[in-house]
Amino acid sequence: MPELVFFSGTMDCGKSTLALQIAHNRDARGLQGVIFTRDDRAGAGKLSSRLGLVTEAVEAPEGMDLYAYLVAQLSKGGKADYVIVDEAQFLAPEQIDQLARIVDDLGLDVYAFGITTDFRTKLFPGSQRLIELADRIEQLQVEALCWCGARATHNARTVGGHMVVEGEQVVIGDVNTAPEVVGYEVLCRRHHRRRMTSASAQAGALSPDVLPVGQG
37 MPELVFFSGT
47 MDCGKSTLAL
57 QIAHNRDARG
67 LQGVIFTRDD
77 RAGAGKLSSR
87 LGLVTEAVEA
97 PEGMDLYAYL
107 VAQLSKGGKA
117 DYVIVDEAQF
127 LAPEQIDQLA
137 RIVDDLGLDV
147 YAFGITTDFR
157 TKLFPGSQRL
167 IELADRIEQL
177 QVEALCWCGA
187 RATHNARTVG
197 GHMVVEGEQV
207 VIGDVNTAPE
217 VVGYEVLCRR
227 HHRRRMTSAS
237 AQAGALSPDV
247 LPVGQG
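Count along the sequence shown starting at 1, add 36, and that's the number in my numbering.
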């Protein structure tokens, strides 16, 4: 039976690499897929991995009907044996509903890849809807690591190397951006709570809200 599968994990845990691998394996068997993505680090209409791999994709902006797009392609004689969606957390809930309809009405497997929570530890609407609708949820087995060496479980937004906890939910950046601009870093829960990034740890800084009571 076709499935809607949600592959989730933190940033830097190999989601896009796995998406590319799934596409490669199926293409090698003569299957043809449609790849959707939004706001990839390599630019519009690209699916890229931090390992340097990249392939063409269909940019899925806000308001795009993914189901209608696929039906239109098939009606024109196009072929689709499966669907891959990267950066699925950026999709609107109604677009996730469209992915479920692709599975149920068109009989295609849909593999969606995305992070679950934002820099404030709040669920992305797209990820929340995937959790509600997916036939299967797979946690990525490649563990990203916090600067301390512990398993990274949270995504932190940084500006100038310092963690920020306010701002718009979606601001495009990467884990390898220059320190003076908006970037992202994966942290364990303990250091996310303490707002301690690798840069602040090197500087010996600690957020005042986690200092012991009574310490002046």
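Where is the CB? At the ideal position from N, CA and C, for every residue including glycine.
Cβ pair residue i, residue j closer than 8 Å
i	j	result
Thr46	Val222	yes
Val199	Thr233	Looking at the sequence provided, one finds Met at residue 199 rather than Val. Yes, Cβ-Cβ distance for Met199 and Thr233 is below 8 Å.
Leu102	Leu67	no
Asp140	Val41	no
Val70	Ala116	yes
Ile58	Leu106	no
Ser84	Ile173	no
Sequence-distant residues of the same chain with beta carbon closer than 6 Å to residue i, five excluded per side
i	result
Ala235	Gly197
Ser163	Gln125, Gly150 and Thr152
Arg74	Ala96, Glu123 and Phe126
Asn131	Checking the sequence, you will find Gln at residue 131 rather than Asn. These residues qualify, in order along the chain: Leu102.
For residue i, three-class secondary structure by DSSP
i	result
Ile138	helix
Lys82	strand
Ala64	helix
Thr194	strand
Ala128	coil
Gln109	helix
Candidates the options: closest to residue i by CA position
i	options	result
Thr153	Lys82, Gln205 and Val94	Gln205
Thr53	Ala108, Glu202, Ala148 and Leu67	Ala148
Arg62	Thr189, Ala128, Asp140 and Val146	Val146
Arg230	Val107, Met100 and His190	His190
Leu144	Lys51, Ala80 and Leu110	Leu110
Leu176	Gly50, Glu39, Trp183 and Met37	Gly50
Cys224	Cys182, Gly99 and Gly240	Cys182
Asp76	Thr194, Ala93 and Glu98	Ala93
Presumed contact (8 Å Cβ cut-off) between residue i and residue j, rounded CB distance
i	j	result
Ala192	Tyr220	7 Å
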